[in-house]
Structure formats: structure tokens, C-alpha cells
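A.B. asks: Going by our numbering, the sequence shown opens with residue 57, and the numbers climb by one from there. The following block contains the structure, expressed as C-alpha cells.
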Amino acid sequence: MHTKDKTNWAILVTGWGRNAVDTLKAFKAKKLPNTTNISIVIYESEPCGAAEMASEIGVETLKLEKQSFTNQAVYQKKIIEELQKRNIDYIFLLNYKYIIKDQMLSAFPNRIINIHPSLFPSFLGTKTAIQDALAYGVKITGITTHIIDDKVDEGLILCQSAIKIEDRDTFDTLYPKFAKKGKKLILKTIKKIEEIHDEK
């Protein structure tokens with residue numbers, strides 16, 4: 057649903073969507089700025105926790121499977137059309153695995169935000185950043201939210217949060233730290249974007 061006096065957000069997920077679920081719960085609990093309206097969740101596969109949560113709180117959902125389209129350009133063209141129909145202002149990629157191409161960057165310039173499980177500029181361009189940090193033996197890793205551009209895992213940094221890696225940490229003990237910190241960082245990022253939007 058488009059809300060005239062609010063900033064309209066879309067969430068894109070391709071997996072279960074833990075970060076998206078947490079964000080939707082925060083939206084329901086009115087922990088986001090009162091100018092924030094999450095208008096739609098676009099997802100790809102089921103089960104999808106984000107789609108289930110969105111339906112539960114009255115946020116529109118739309119299932120789009122990339123494999124149903126002839127190529128990625130056609131797939132992203134469809135996403136653009138659906139978002140523009142709903143007058144979406146900002147897009148948050150939460151557990152979204154596909155690279156955003158030029159056509160979508162042009163349609164939503166500086167308005168597509170991503171979350172990456174590392175402290176930029178470390179461990180970029182990988183889907184295994186947490187595992188890579190453990191394997192490399194770093195003592196500090198973290199999470200970055202950023203506005204995406206035409207380079208993978210680059211663009212303007214919005215917010216960052218550091219996470220200490222203990223000697224005894226494994227992926228199973230480290231991942232919950234990312235989930236907890238990520239939840240807070242996403243809310244902080246949305247608030248920051250809303251402030252920037254209000255200044256324009």
C-alpha cells in the first residue's frame with residue numbers, strides 16, 4: 057500500500073529472511089521512524105519467514121522466482137515495474153543473493169541499500185564473509201550497511217557495527233552475534249536514510 061505522507065520501502069529477500077523478519081517485527085512494534093512505511097516484501101522461495109511475517113502484519117507480499125524469467129535482465133525489469141507501480145522510495149536488500157544490475161540502479165539511484173556481514177573494506181564480493189573471517193583468523197569482524205553502486209559490495213557506507221571474534225568461536229557461535237547486531241544496525245540505517253530523505 058502506498059502512503060502519501062510516508063517514505064515507502066520495499067524489502068527484497070531470496071531466502072528465509074531472518075533480518076527481514078526482525079525488521080518487520082520492529083515495524084509492527086512501531087520501532088521505526090513514524091515516516092517509515094514498509095509497503096511490500098518481494099521474495100523468491102518458500103518457506104519464507106519474511107513473507108509469512110509480512111502477511112501476518114498486513115504488508116503486501118509478491119513472489120517472483122528468477123528461474124521463471126528468461127534472464128536476469130527480464131527478472132529485474134519485472135521487479136522495477138512492480139516497485140514503480142507502488143511508488144517505492146527505498147529498497148532494502150535483506151538476505152538477497154542476486155547482483156543488482158544497471159537498469160535497477162538507474163531506476164532507483166542511490167536508493168538501494170544492502171547489508172553485508174563484514175566491516176568494509178574487508179571480505180567483499182563473497183557470500184561466505186563470516187566463514188572467511190574465521191578462516192583468516194581476524195579478531196574483529198562486523199556488519200556494514202551501504203548504498204549499492206555498480207561494483208559488488210561497494211558504495212557509500214551508511215552504518216557499521218564491529219563484532220569481536222573469540223578464540224573459541226565457530227560459525228555456529230558467531231552467527232547469532234551477527235543476527236543480534238544486524239537487527240539493531242538495520243533499524244539504525246533506516247533511521248539514517250529517513251533523516252537524509254527529510255533533509256532533501
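Just so it is clear, CB atoms sit at the ideal spot from N, CA and C, and this is done for glycine as well.
Compute the Euclidean distance between the alpha carbons of L118 and P103, then round it to the nearest angstrom.
C.D. replies: What you label residue 118 is simply residue 62 of the sequence shown in a count that begins at 1. What you label residue 103 is simply residue 47 of the sequence shown in a count that begins at 1. Taking the straight line joining both Cα atoms gives about 13 Å.
A.B. asks: With a cut-off of 8 Å on the beta carbons, I'd call L190 and D225 a contact; round off their distance for me.
C.D. replies: The residue you call residue 190 lines up with position 134 of the sequence shown. The residue you call residue 225 lines up with position 169 of the sequence shown. Indeed they touch by this definition, with Cβ atoms about 7 Å apart.
A.B. asks: Starting from T226, trace the alpha helix (DSSP H) in both directions and tell me its first and last residue.
C.D. replies: On the sequence shown, position 170 is the one that residue 226 refers to. No alpha helix (DSSP H) contains T226, which DSSP labels as neither H nor E.
A.B. asks: What residue range does the alpha helix (DSSP H) around I113 cover?
C.D. replies: One-based indexing of the sequence shown puts residue 113 at position 57. Run containing I113: G105 to I113, per the alpha helix (DSSP H) assignment.
A.B. asks: At 4 residues or longer, what runs of the alpha helix (DSSP H) sit wholly inside the segment 142-190?
C.D. replies: 158-163
A.B. asks: Kindly identify the DSSP beta-bridge partner or partners of V97.
C.D. replies: Along the sequence shown, read from residue 1 onward, the residue named residue 97 stands at position 41. Looking at the DSSP assignment, V97 forms a beta bridge with I67 and T117.
A.B. asks: So what's A85 in DSSP terms, helix, strand or just coil?
C.D. replies: The residue given as residue 85 occupies position 29 in the sequence shown. DSSP places A85 in coil when its eight states are reduced to three.
A.B. asks: Output the distance between the C-alpha atoms of E251 and L214, rounded to the nearest integer angstrom.
C.D. replies: Along the sequence shown, read from residue 1 onward, the residue named residue 251 stands at position 195. Along the sequence shown, read from residue 1 onward, the residue named residue 214 stands at position 158. Straight across, the Cα-Cα distance linking E251 with L214 is about 12 Å.
A.B. asks: So, with DSSP's three-state summary, where would you put K62?
C.D. replies: The sequence position of residue 62 within the sequence shown is 6, counting from 1. Note: K62 maps to coil in three-state DSSP.
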